[in-house]
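Some notes on the structure that comes next.
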Amino acid sequence: MARGMIMLVSLVCLLAGAFSVVKGEDPYVFYTWDVTYGTLSPLGVPQQVILINGQFPGPRINGSSNNNFVINVFNKLDEPILFTFLGVQHRKNSWQDGTPGTQCPIPPGTNFTYHFQIKDQIGTFFYYPTTGLHRAAGGFGPIRVFSRLLIPVPYPDPEDEFDFIIGDWHTKSHSTLRKFLDSGRSIGRPDGVLINGKSAKGDGKDDSLFTMKAGKTYKFRVCNVGMKNSLNFRVQNHPLKLVEMEGSHVVQNMYDSLDVHVGQCFTALVVADKEPKDYYVVASTRFSKTQVVGKGIIRYENGKGPASPELPEAPVGWAWSLNQFRSFRWNLTASAARPNPQGSYKYGQIPINRTIKLVHSISRGQGKLRYALNGVSHVEPETPMKLAEYYGIVDKVFKYNNMPDQPPANLDNMVEGPNVLNITFRQFVEIIIENHEKSVQSYNLDGYSFFAVAIEPGKWSPEKRKNYNLLDALSRHTIQVFPKSWAAILLTFDNAGMWNLRSEILENRYLGQQLYISNLSENKSLRDEYNLPDFVLKCGIVKDMPVPPPLYT
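According to mature numbering (1 follows the signal peptide of the UniProt record, and there is no 0), the residues represented by the sequence shown are -24 to -1, 1 to 529, in order.
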């Protein structure tokens, strides 16, 4: 279906909600979610999963740049839950970020309404639950953000668009996996890889994921919603033309396959120009001793013949993946929702105000497994730190700058507690993430896109800046860090609020490998940050406290 037709349909009716235009404002999109448990067998073993409106994965969110999204979540689980919308920038509104440091979780048997605007963004994203290990049970789904109709897109409208929600999967319940981590154990290797909640058996009885018409071009939106493993995505006999990644139009290169690290998304065009029959879509684990493979069927309309059992091979080694990262370039000639439509945003010429170097570490002392950044392992307090900040009771909940900007000489002396870093509003900051481990890491920064200027082997030092891409690095929201390597990102901290910088590796995040960045504007202006919403949930020590007067005017 053409992009224009998709947008026309979304203006008339959305399956999960209704669309209406409020005079004087950007359009609104409304959704209602019923979050429940259900029993499914994604890998042939019955297990408890999280359903949204009875669906696994959850329903798609559709919208356009600058739309206002209103999502009413009814929590019908037996424990609190929160959702974050990965990569979607809530401008001035960390109250809606869906992380435990900024919001109280939604109690069982109650509802909460998210209300945020996707300002000046386009692309492929996804949502997932941030509480406990709920992500290991589901609760995730795709997000499509289209360009406004008057903004040209640097490729013709496709015939249709397909979402591929891929990720590693365990047959053990999320509560069992959580007990593993709490007892000092890792969650271990996955039992399989899912594509849209299932994996084809290859016995000739598999239903197709999608159907294509011969000669037509299709847009594939792919997100790795998994817990631990980088995945390689490929389509049997069909190359992928990469056109967008995490909100940025890219220089359009062809790839036989694409590595998708945990938390990352991309959009590619696929031409249905092969023999009309069935073909496999493959997602397999990377950088692991044993390759775990997930499959799905793509079917040609009126095609005859099953998919060949000979699957396309995955690449080997992380050097291949590093070279692929280096091939990604921002399309500076494309009009889009980005810092400057003419491509003249000269981020490479902005003086760096502050450098933060993060090194992660692992502790197994006294049988207790913990992960840390610069020797600090984050622990969520009972009261969300953003609420404590607004209520003026920071001293009762956390301390700022518990973590140094540079890693200490001895990372073995790990401390536990809330990890909150102060950043001066509108500072241009360089963040280095150095990986001393043997596994690939993946990090996300909520509320922002940043320029991913370099990934290189070895250790970082200031002279490495000469190797940065200071012209057309992608503006994105996640970055992978390969073993014994470092990554560098640059960004302006111009989105006031409190934002989560975290490992997207689920067990690492759960066990402390994250921090929050408090970015407050001294102007106390509504142009920079919203006041505490009337409908915000309250918990911890602020639960029964009177609401302070508005801080911003």
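Beta carbons: idealized from backbone N, C-alpha and C, even for Gly.
Predicted model only: the values in this text are computed from it and were never measured.
Quick check on DSSP: helix, strand or coil for residue i?
i, result
"Glu439", "helix"
"Glu406", "strand"
"Val518", "helix"
"Gly77", "coil"
"Asp448", "coil"
"Ala112", "helix"
"Leu287", "coil"
"Val523", "coil"
"Glu222", "coil"
"Gln325", "helix"
"Glu483", "helix"
"Met361", "helix"
"Leu245", "strand"
"Leu508", "coil"
"Asp158", "helix"
"Lys195", "strand"
"Phe88", "strand"
"Ser23", "With the sequence shown as reference, residue 23 is identified as Gln, and Ser is not the correct amino acid for it. Here Gln23 sits in strand by DSSP."
"Arg275", "strand"
"Arg346", "strand"
"Arg36", "coil"
"Gly180", "coil"
Could you please give me the residues that DSSP links to residue i through a beta bridge?
i, result
"Lys250", "For Lys250, which the question treats as bridged, DSSP gives no partner whatsoever."
"Asn229", "For Asn229, which the question treats as bridged, DSSP gives no partner whatsoever."
"Leu491", "Leu477"
"Asn51", "Val11"
"Arg210", "Val258"
"Val335", "Glu410"
"Gly392", "In the sequence under discussion, the amino acid at residue 392 is Glu, which differs from the Gly named in the question. Ser353, per the DSSP bridge assignment."
"Pro433", "Ser461"
"Asn44", "Tyr4, Gln93"
From this set, the options, which residue's C-alpha is nearest residue i's C-alpha?
i, options, result
"His66", "Thr529, Asp504, Gly434", "Asp504"
"Val292", "Lys440, Tyr276, Thr261, Leu349", "Thr261"
"Gly324", "Leu466, Ser264, Asp73, His91", "Leu466"
"Gly117", "Lys95, Gln93, Glu277, Ile142", "Ile142"
"Val370", "Thr359, Pro380, Met379", "Thr359"
"Gly393", "Pro81, Ala310, Lys375", "Lys375"
"Pro525", "Val169, Asp388, Tyr367, Ile26", "Tyr367"
"Leu502", "Lys68, Thr8, Pro22, Ala190", "Lys68"
"Val49", "Gln97, Ile98, Pro105", "Pro105"
"Pro83", "Ser339, Gln31, Gly516, Val523", "Gly516"
"Ser461", "Asn445, Asp470, Ser425, Trp436", "Trp436"
"Asp96", "Val64, Gly77, Ile119, Asp470", "Val64"
"Arg120", "Phe61, Pro438, Pro132", "Phe61"
"Asp448", "Asn377, Leu308, Gly423", "Leu308"
"Gly77", "Lys440, Val429, Asn395, Pro522", "Asn395"
With a cut-off of 8 Å on the beta carbons, I'd call residue i and residue j a contact; round off their distance for me.
i, j, result
"Gln79", "Leu109", "So it is not a contact: roughly 18 Å between Cβ atoms."
"Phe196", "Phe138", "5 Å"
"Ser479", "Tyr419", "6 Å"
"Lys344", "Gly160", "5 Å"
"residue 532", "Pro459", "Past the edges of the chain, shown from -24 to 529, lies residue 532, and the structure says nothing about it."
"Asn495", "Phe401", "6 Å"
"Met203", "Ala295", "Going by Cβ atoms, the distance from Met203 to Ala295 rounds to 25 Å, so no, they are not a contact pair."
Which residues in the same chain have their Cβ closer than 7 Å to the Cβ of residue i, if we skip the five residues on either side of it in sequence?
i, result
"Phe304", "Met221, Val226, Leu450"
"Asp167", "Leu19, Trp145, His146, Thr147"
"Gly34", "Ile28, Gly115, Phe116, Gly117"
"Gly281", "Lys253, Asp254"
"Met390", "Ser337, Ser339, Arg346, Ala348, Gly351, Ser353"
"Lys174", "Pro18"
Between residue i and the rest of its own chain, which residues show a CB-CB distance below 8 Å, the 5 nearest in sequence each way excluded?
i, result
"Lys500", "Leu527, Tyr528, Thr529"
"Ser206", "Asn200, Asp235, Val236, His237, Val238, Thr261, Arg262, Phe263, Ser297, Val416, Ser418, Gln456"
"Gln300", "Tyr231, Leu234, Asp235"
Grab me the residues of residue i's own chain with a C-beta within less than 6 Å of its C-beta, minus the 5 sequence neighbours each way, in chain order.
i, result
"Gln382", "Lys333"
"Pro509", "Trp71"
"Phe511", "none"
Would you say the beta carbon of residue i comes nearer than 6 Å to a heavy atom of the ligand PLP?
i, result
"Gly34", "The model on display carries no ligand, and the ligand PLP is accordingly not part of it."
Step through the CB atoms of chain C and report whether any lies within less than 7 Å of the CB of residue i.
i, result
"Phe458", "Chain labels in this structure do not include chain C; a single protein chain is all it has."
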